[in-house]
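Structure first, then comments.
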Amino acid sequence: MMIPVRCFTCGNVVGEHWDEFKARAREGDEDPAEVLDDLGVERHCCRRMMVSHKDLVDVVAPYQ
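Add 17 to a position in the sequence shown, counting from 1, and you land on the number used in our numbering.
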């Protein structure tokens, strides 16, 4: 899960797309822009947030 869940600029919910984006774009071989298009993320601020996000949950809270 992506923390924060909402875009800082416009407030749209972007966290719901994080797991699929991470699986397809970051760990796969697909172009991040094409993945965001498929997910329906159209606003520039939301796209920037998805591409530039660094997932620190595993580092901060390693025990689940």
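We put the beta carbon where it would ideally sit given N, CA and C, even for glycine. As the structure is a prediction and not an experimental result, all values here were calculated from the model.
(request) Entirely within the stretch 45 to 70 and at least 4 residues each: give me those alpha helix (DSSP H) ranges in chain order. (result) 49 to 56, 61 to 69
(request) Look at M67 and V58 and say whether their C-beta atoms are less than 8 Å apart. (result) Counted from its first residue, the sequence shown places residue 67 at position 50. Counted from its first residue, the sequence shown places residue 58 at position 41. For M67 and V58, yes; Cβs fall inside 8 Å.
(message) In this structure, how does DSSP classify V30 when only helix, strand and coil are distinguished?
(response) Numbered from 1 along the sequence shown, position 13 holds the residue referred to as residue 30. Correct three-state label for V30: strand.
(message) Residues in the same chain with beta-carbon distance under 8 Å from C27, minus the five sequence neighbours each way, listed in chain order, please.
(response) Indexing the sequence shown from 1 puts residue 27 at position 10. Excluding positions up to five away in sequence, the list reads R60, C62, C63.
(request) Could you tell me which residues DSSP pairs with R9 in its beta bridges? (result) There is no way to answer for residue 9, as the model of the chain reaches only from 18 to 81.
(request) Compute the beta-carbon to beta-carbon distance between L56 and H34, rounded to the nearest angstrom, for a pair I have assumed lies under 8 Å. (result) On the sequence shown, residue 56 is found 39 positions in, with the first residue counted as 1. On the sequence shown, residue 34 is found 17 positions in, with the first residue counted as 1. Their Cβ separation, rounded to whole angstroms, is 5 Å, which keeps L56 and H34 in contact under 8 Å.
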